[in-house]
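Residue numbers (this note's numbering), protein chains in the order written: chain A, 1 to 339; chain B, 1 to 339; chain C, 1 to 339; chain D, 1 to 339.
4 protein chains.
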Amino acid sequence: MDKLNIGIIGAGRIGKVHAETIAFRLPEAAASAITDLNLDAAKAVAARCGIPRVAASAEEIFADPSIDAVLICSSTNTHADLAVLAAEAGKHIFCEKPIDHTLAKIDRALAAVEKAGVKMQVGFNRRFDANFARVRQAVASGEIGTPHRVHIISRDPGPPPIEYVKVSGGMFLDMTIHDFDMARFLIGDEVEEIYTTAAVRVDPAIGEAGDVDTALIVLKFRNGVIGTIDNCRKAVYGYDQRAEVFGSNGSIETQNCYPNQAVISMGESIRRDLPLNFFMDRYTESFANELREFVDAVRNNRPTPVTGIDGRIPVAMAIAAKRSHEEKRPVRVAEVSAG
Amino acid sequence: MDKLNIGIIGAGRIGKVHAETIAFRLPEAAASAITDLNLDAAKAVAARCGIPRVAASAEEIFADPSIDAVLICSSTNTHADLAVLAAEAGKHIFCEKPIDHTLAKIDRALAAVEKAGVKMQVGFNRRFDANFARVRQAVASGEIGTPHRVHIISRDPGPPPIEYVKVSGGMFLDMTIHDFDMARFLIGDEVEEIYTTAAVRVDPAIGEAGDVDTALIVLKFRNGVIGTIDNCRKAVYGYDQRAEVFGSNGSIETQNCYPNQAVISMGESIRRDLPLNFFMDRYTESFANELREFVDAVRNNRPTPVTGIDGRIPVAMAIAAKRSHEEKRPVRVAEVSAG
Amino acid sequence: MDKLNIGIIGAGRIGKVHAETIAFRLPEAAASAITDLNLDAAKAVAARCGIPRVAASAEEIFADPSIDAVLICSSTNTHADLAVLAAEAGKHIFCEKPIDHTLAKIDRALAAVEKAGVKMQVGFNRRFDANFARVRQAVASGEIGTPHRVHIISRDPGPPPIEYVKVSGGMFLDMTIHDFDMARFLIGDEVEEIYTTAAVRVDPAIGEAGDVDTALIVLKFRNGVIGTIDNCRKAVYGYDQRAEVFGSNGSIETQNCYPNQAVISMGESIRRDLPLNFFMDRYTESFANELREFVDAVRNNRPTPVTGIDGRIPVAMAIAAKRSHEEKRPVRVAEVSAG
Amino acid sequence: MDKLNIGIIGAGRIGKVHAETIAFRLPEAAASAITDLNLDAAKAVAARCGIPRVAASAEEIFADPSIDAVLICSSTNTHADLAVLAAEAGKHIFCEKPIDHTLAKIDRALAAVEKAGVKMQVGFNRRFDANFARVRQAVASGEIGTPHRVHIISRDPGPPPIEYVKVSGGMFLDMTIHDFDMARFLIGDEVEEIYTTAAVRVDPAIGEAGDVDTALIVLKFRNGVIGTIDNCRKAVYGYDQRAEVFGSNGSIETQNCYPNQAVISMGESIRRDLPLNFFMDRYTESFANELREFVDAVRNNRPTPVTGIDGRIPVAMAIAAKRSHEEKRPVRVAEVSAG
C-alpha cells in the first residue's frame, strides 16, 4: 500500500485535529474525503487541509472503493452504527471514544468488525502521550518491580455547558472513560471491582442535571493492584493530568506539562506559569501519535494498539462505577459487563 | 510557673527524643525524673540529658509533688492505665499515640483526665511538621477555597519485625493512625464513613501474622470532602510522606523532605539523593515542636493543640477501616465509635 | 500574496528541517525548488516534502521569477555571496547563522540587501523557543524590573568531529554565536565590552586544532547589565540550555526541556530521564516558529524578527571574545566591529 | 578532656547564636564566661544560656586558666588583636570571619597562633551546610569527574544600612568573602587570577559610600577550573544561595532552602513560598555544625576544618577582586597576597 487513503466522518473539533495531522504531519496517509452533517464545517476543514472532496454523507464515503479507512469523529450516539456500516463496507476503522454508552451497541459494532476482518482502533489518545507512555514503560519493563498502586489525577479546567452535561452520559462515561482506559493501560491488567464516592461540588446545576462533578474511584485489579482515579470537573489552575504507579522496586510519577520551563522568583513567591490548559494543547502530540500508529497498523497489517475490546471495557467500568455510586457499595465489573 | 517540671515514663526511642528536646531545646522546661522497666536505659538517658533522678517506677514519679507534668512514652498497652494514674495524681499528661487500641480503655483515661481537670496532649507530632502545617494553613485560611479532596501518601521504608507486627494491633492502628489524625487535622472536620481496600503485597509473613501491608482507605467527611490514604509498609526509596488538598480555589501539595537540595546530572539520569529516611530524621523538628506547644499550653493554661478526643477518634477510624476491609463494604465510623 | 513561494538552497540537516516545516506545518508557504551541491540529497528531500523541482544551482533558483524568497542553508562560507546574489535577484532572504565569519563580507551582504530593499532574517532560532521567549517577555514587560544580570548556560552533549572544529571558525563563532545573540535578545540592549576566560578541558585535540572547548565570557552591556555565558563542548548528561535574568523586581530562570515529566523514585536515588539531547529535539518548535515568522513578515510586509544587523553583531562579539581570550584583557566590541 | 570550657567574646547576634548552640546542642562543651563592651547584652545572653559568669573584659577571660578555648565574636577590627592575645594566653581560638581587612594584621595573628601552638578555626560556616557539603563531596569523591566550572550565586535579601556599608570594608571583604571561601572549598584548589565587573545597581547611596552592590567575579584556579561568583546586595525574593559545579562526568547544583516543601496551584500560577530569608534561618544548622567540629577538633587534638590560612586567603582574594574592579583588568592574587 502506498499512502493510506482515509475518509473522515465528522468535521468538528476532533475531526479537524485529525484532518490536520493527516495533511501536515503524516506523509504515509492522505484524506480524500470528509463529511459532516454541517457541510460548511466539512468544507472549511477540506479547504484548510487540502482534502479534495466533501462527501454528502458517511454512506458516500463507505461506498467509495478507493478509501481504505475511515475516521469516525461524529457525535457519540452515531459511533456504533457508523462502525457497523464501515465494517460492512470493508473499511478499517478509527473510532473516537466512547464507541457507545451501551454495551449492547458496542457489541454489535465489535461483531461487525470481527466478521468483516477489518482493523479497529479506539481514540484513547492519552496512551500516546510521552508521559504516560513512560510510566507504562516503567511498569512493563519491570523498572519499578511489581506494581502495587496506580493513582490517576484527572481534573478539567472547567465543566462543560449544562446542555452538554445532560447528553454526555454522565461524568463516568464522558470524562472518567479516559482514566479507566489509562488505568488498564498503565497496569496491563483488568479491573475486577470498583468502588465510587462521588459528589456535586463544583456546580449545583450539574447535580440538577443528574450528574456528579467530583469523584474518587477505587479499582481492584485482578493481579492485586489497587487503583484510584481522582476526578473533578474544575481545577482553577487548569488541566491537571498526572499519574503515579508505585511498585515493589520503586515509583514513577508524572508531573503536568507546561508551556515553558521558566521559574520566576518574585517578592511574594517562587512561581511558574500554569500548565498547558486543555486537551488540545496538552495532548497535541498524542493525537498525532495515535493516528500515526493507526496508519502504520493498517499499512503493515499489524494489530492496532487500542482495539475494539479496549474500547468496550472502559464503558463497562464506567457503568460499574456509576452503579457503585448509586448503590453505595463495591460493584464487580462482571456484574455489568455481560454482553 | 517558672520552668515546667517534667517526669518521663519510658526511656525507649521516643522517650529519649523527648528527653533530649527538654534538655537541649526547651529552656522553658526541665526533666527532673525518668523511669523505665529497663533501668539501665533510663540511666543512660538521664546521664546524657542531665536528668537528676532515675525513678524506680511511674508511681514514684506520680507521687512526686514537685512534678507538674508527665510524658507517657511506655509501651502502648500501658498508656491508658498510666494516664488514669497520672490524672488522679494531678499531673498534666503528654501521651504517645495511640492512647490504646480499645475505645473502652481510652474512654476511661479521658474520663479520668476530665475529672482531674488536667491537660492532656496526644503525640500526633506530624501536625507540627512545617509541611503539613502549611497545608493546614492553606485550608484553614481559605487560601485554596472550599476543600474537595485530601490525599495522603504515607509509606514506610520497610516493615517492622514480624514479632512487632503481631502485637502492633494491625497496620491501621499502628501506622495509619497517624494518617487518620492527619486527615482530620488538614480538613478540620470529621469523617463519617470509611471504605478500605487492603492487601498483603510486601511480605507474606505479614499476612500470616493476620495483618496487611498495603492499603487504600477512602474517607467521607461530614462536610463532603473525599479523603484517601495510601499506605504501604515498604517503599524502596525510603520514607514517603506527602499530602495534597484540592479545593475550589486551588490545590496545595507537599513534597518529601531531603537531606540536601542538590540535583546531580549524570550520564544516565538527572537525580537527587533519597528523602530523609525515617521518622527520626523526617520529623525531628515536629517532635520538638509538639513538646514546645505542650509546655506552652500547660505553663500558660491554654488548651493543648491535640486533645484526648483527638487521640480517641483516629482509633475509632482505624477500627472502622479494619472492619471495612474484613467485610468488604463501606463502614460508618458511628458504627464502631460508641463508647 | 497567496502562498509564499520559496526556494531552498542546501539540503543538509538544517535545509531538510526547513523543507519539512514548509511542507507539513506551514500552510502559508510552499517550496517550489531545492538545490544542493549533492543533488542526491536535494532529490531525497524533494521527494519526502513534495517539492516539485530540484534545481541544478542556486543561480537557477535566483533566476526563477515565480520564487519570492530563498532559504540559504548551504555551508557558512557561501552564505554572504549567496545573499548578495539573492538580493540582486530581488528575493527575500532567510539565511542560516552565521552570515559569515568576517565582518567585511557580512557588510557587503547587508549592503546588497539594503540596496535591493528585500527582507532578510538570520536563523537565530532559539529566540523562538518558548522558554527563552518567556524570559524575554519577563524582561521586556518589566515583570522582573530593571535587569541587573543575565546568565546563559550553553553546553553541548559532545564536541563535533575534529575535522569540523578546524573549519568551524572556532568555538566563539560556531557555538557561542547563538549565546551572543541570546544575550542581546534577552536584555534588549548592546554589549560594550567582553572579557573571556577559556581553556581546553574536554579534548586536547581541540587545543591542537587551535580552538578551545570550555569558556566563560563576561559581557558588559551599555545599560549596565552584566552578562555571563558558560560554554562547554561536552556535558555528559546531554544538551544543557538554560538562562537566568535577575532584576530589581525578581528573577526568571529557565530549566532544561525533557522528553517526559516523569520522576522515578528508586532505591538509590530520585531521578528523571536526561534532557532532550540535541538541537534537533530541543529546538524542534523554534525551527518551525522562526520560519512561520519569516513567512509572515514577507507576506504581510512587516519587519523580520531577526535582521541582518542582528546577524552581524554576534559575529563582532565573537571576534572580541576571541581577542580577549588571546590577549587576556577586556576588549571593547567597538575595537573590532568597525566596518 | 571532659567538656570543653569556652569563653565567649562578643554577645551580639553571632555571639548569641554560638552561646545557644553550646548551651542547648553541644553536650561536649560548656561556656563558663561571656563578655561584651555592652555588658547588658552579655548579661542577657548569659541568663538565657545559663553561662555562670559575665566577664568585664576579654582579658579577664584570657586570664582564666580553666578556660580552654575562646570564641571571638566581637567587631571585625578587634579580631586580629584579640586572636594574638588569646594565642599568647594559650587559648584555642574560634574566630569569626574575616580575621581582619588587612593581610598584615592577619599575618600577625597567624604568627601568634603558630608560635603558641593553639588551634584556630575561622567562622566560614557555610562549609557546614548540608547542600554545599554535598557539592563538595561530589567533587572530592570524583562523582562528577574533573571539575571544569564552579558558579556561586550569593544574593542578600537587602543591603545593610549605609552606616554599616561605610565601615564594612566594602562588599568584597564583607559579603563576597564567604563566596571566596566557598569557591576554594568546593574546588579544593587555589585561585590564581581574578577579574571583577561590578556596579551600583541597588542603591546610589551605596555608590556614594564608595562601595558597589552588584558584581560578577571570575576566578581562574591553578588547576584550570573557571569560577564565577554572582553577588547582589538585594534580591526581592529573599536570600539566594546556590552553587553549581560542572565537571567531566556530570554536574551538581544546589537549590535554595525553603521553609516548607509545599507547592500551591492557584488560578494565576503554580507557586511556592519564598526561600528561608536570611542567614540566621538558612544557616541555622551550619552554625551549630561548625562549633561541633571546632569542639571536636580541640578535644581530640585534630586539625580544625577551617584554618587560619583558610581565613587569610579569602581576604587576599577580596583585595584582588577590588583592585580588578578599580583597574578594569584581571589581577593575579599573588600581586596582592605577599605578607
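Don't be surprised by glycine CBs; every beta carbon is placed ideally from N, CA and C.
Note that this is a predicted model, so its numbers are computed, not measured.
- Beyond the five residues adjoining it in sequence on each side, A198 of chain C comes within less than 6 Å, by CB distance, of V212, A215, H325 in the same chain, given in chain order.
- DSSP, reduced to helix, strand and coil, places D240 of chain B within a strand of the structure shown.
- Judged by DSSP in its simplified three-state form, K220 of chain B adopts strand.
- Here the segment 144-164 of chain D makes no contact with the segment 300-318 of chain D; the two share fewer than three CB pairs at distances below 8 Å.
- Secondary structure remark: continuous beta strand (DSSP E) runs of at least 3 residues inside the segment 135-217 of chain B, in chain order: 147-155, 191-199.
- Just so you know, the alpha carbons of V17 of chain A and R271 of chain A end up roughly 32 Å apart.
- Interface criterion met: the Cβ of I270 of chain D is under 8 Å from a Cβ in chain A.
- Cβ contact annotation for D179 of chain A (same chain, cutoff 6 Å, sequence separation greater than five): I152, S154, I229, in chain order.
- Between the alpha carbons of F124 of chain D and Y258 of chain D lies a gap of roughly 22 Å.
- For C232 of chain A, the nearest beta carbon of chain B is closer than 8 Å to its own beta carbon.
- If you compare the alpha carbons of A:V135, A:G90, A:A63, A:A205 with that of A112 of chain A, the shortest gap goes to A:G90.
- Taking a beta-carbon distance threshold of 8 Å, G267 of chain C counts as an interface residue toward chain B.
- Cβ contact annotation for T196 of chain C (same chain, cutoff 7 Å, sequence separation greater than five): A215, I217, A321, S324, H325, in chain order.
- The three-state reading of DSSP puts D230 of chain C in strand, counting E and B together.
- Given a length threshold of 4 residues, each whole run of the alpha helix (DSSP H) inside the segment 272-313 of chain C is given here in chain order: 279-282, 284-299.
- Boundaries of the beta strand (DSSP E) harbouring G250 of chain A: 250-254, taken from the DSSP string.
- Here the segment 67-87 of chain B does not lie against the segment 244-255 of chain B, with fewer than 3 beta-carbon pairs under 8 Å apart.
- The segment 4-16 of chain A and the segment 54-74 of chain A touch, with no fewer than 3 CB-CB distances between them shorter than 8 Å.
- About 6 Å separates the CB atoms of H148 of chain B and G247 of chain B; that is less than 8 Å, so the two are in contact.
- Judged by DSSP in its simplified three-state form, A235 of chain B adopts coil rather than helix or strand.
- The DSSP-derived three-state label of V113 of chain D is helix.
- About 14 Å separates the beta carbon of E293 of chain A from that of F132 of chain A, a gap too long to meet the 8 Å contact definition.
- Nearest CB-CB separation between H325 of chain C and chain D: not below the 8 Å threshold.
- DSSP, reduced to helix, strand and coil, places A63 of chain A outside both helices and strands of the structure shown, so it counts as coil.
- Look at R329 of chain A: its C-beta is under 8 Å from a C-beta on chain B.
- At a beta-carbon threshold of 9 Å, none of the residues of chain D lie near S337 of chain B; the nearest stands roughly 32 Å away.
- Less than 8 Å divides the Cβ of L4 of chain B from the Cβ of V295 of chain B.
- The bridge partners DSSP lists for S265 of chain D are B:S251, D:I270.
- The C-beta separation of L291 of chain B from L26 of chain B comes to about 6 Å, placing the pair in contact by the 8 Å criterion.
- Residue burial is scored here from C-beta neighbours: G210 of chain C has fewer than 16 other C-beta atoms within 10 angstroms and is therefore classed as exposed.
- Around G224 of chain A, no beta-carbon contact reaches into chain C at under 9 Å, the shortest distance being about 21 Å.
- When C-alpha distances from G188 of chain D are compared across D:G227, D:V336, D:I206, the shortest belongs to D:G227.
- For the C-beta of D273 of chain D, the chain A residues within less than 7 Å are, from N- to C-terminus, S269.
- The C-beta separation of A29 of chain B from C49 of chain B comes to about 12 Å, leaving the pair out of contact by the 8 Å criterion.
- Just so you know, the alpha carbons of I93 of chain D and K119 of chain D end up roughly 6 Å apart.
- Our two residues, E335 of chain D and E193 of chain D, have alpha carbons roughly 9 Å apart in a direct line.
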